[in-house]
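Everything below concerns the one structure shown next.
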Amino acid sequence: MLYYDWQFAERIQCSIEERKECFDLIVRLRKYASTIRQEGFLALEEELKNIDDEFLATSIQMGIDGVSGELFRDIQERRILVDNCKGKELLRRVIITEAMASILSEDTFKVFHYKLLSYLGEHGYKWAKEQQLDLIGRNC
Numbered sequence: 002m003l004y005y006d007w008q009f010a011e012r013i014q015c016s017i018e019e020r021k022e023c024f025d026l027i028v029r030l031r032k033y034a035s036t037i038r039q040e041g042f043l044a045l046e047e048e049l050k051n052i053d054d055e056f057l058a059t060s061i062q063m064g065i066d067g068v069s070g071e072l073f074r075d076i077q078e079r080r081i082l083v084d085n086c087k088g089k090e091l092l093r094r095v096i097i098t099e100a101m102a103s104i105l106s107e108d109t110f111k112v113f114h115y116k117l118l119s120y121l122g123e124h125g126y127k128w129a130k131e132q133q134l135d136l137i138g139r140n141c
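Take 2 as the starting number for the sequence shown in our numbering and just add one per residue.
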């Protein structure tokens with residue numbers, strides 16, 4: 002539903018500082034992904050009470066409720082379009098959507114990581130290297 006074209010590329014642009022904040026979101030999402038892979042979505046039910054980002058909380062709730070990856074992507078992409086998100090907000094929502102869709106599709110941890118970092122460009126890989134992030138998912 003979202004078209005990744007030049008218009009999308011213009012709408013998702015944001016500052017390096019905002020991208021860094023989104024990198025921190027990716028680090029948080031990979032912790033959730035690790036928990037979900039080991040224990041299932043229900044393991045995040047308590048954590049859900051502490052999440053004040055409504056889009057992220059709804060995304061996790063849909064996983065708990067057993068929504069399929071395809072339906073999840075359709076719903077969340079529609080929300081992104083209807084809300085006409087731009088800049089950092091668009092980037093955050095796309096990252097959350099890609100993360101949860103990747104988990105629901107049972108992508109490998111490495112694929113999950115590459116998908117999300119691709120939205121940050123060269124900086125994402127640089128920050129991942131600086132933080133020595135484990136791309137396999139053993140040490141989240």
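All residues carry an ideal CB built from backbone N, CA and C; glycine is no exception.
Check                                                                                                                                                         : Outcome
Using only alpha-carbon positions, find the residue among Ser119, Leu91, Cys86, Phe110 that is nearest to Tyr33.                                              : Phe110
Using alpha carbons as the reference points, say which of Thr98, Val112, Ile104 lies closest to Asp185.                                                       : Any answer about residue 185 is impossible in this case: the structure gives the chain only from 2 up to 141.
Assuming Ala44 contacts Phe73 (C-beta within less than 8 Å), just tell me the rounded distance between them.                                                  : The Cβ separation is near 18 Å, so there is no contact.
At the level of alpha carbons, what is the spacing between Tyr115 and Asp108?                                                                                 : 11 Å
Could you work out which residue in Ile52, Ile13, Asn51 is closest to Asn85 when comparing CA atoms only?                                                     : Ile13
Can at least three beta-carbon pairs, one atom from the region 21-38 and one from the region 89-98, be found at a separation below 8 Å?                       : yes
How should Val154 be labelled, buried or exposed, when 16 other C-beta atoms within 10 angstroms of its C-beta is the threshold for buried?                   : The structure shown has nothing for residue 154, since the chain only spans 2 to 141.
Just tell me which of Ile61, Gly88, Glu22 has its CA closest to the CA of Lys50.                                                                              : Ile61
Between Leu92 and Tyr120, is the Cβ-Cβ spacing less than 8 Å?                                                                                                 : yes
For the alpha helix (DSSP H) containing Leu45, list its first residue and its last residue.                                                                   : Careful: Leu45 lies outside any alpha helix (DSSP H) and carries neither H nor E.
Since I believe Glu11 is in contact with Lys89 (beta carbons under 8 Å), could you give me their beta-carbon distance rounded to a whole number of angstroms? : Not a contact, Cβ separation roughly 14 Å.
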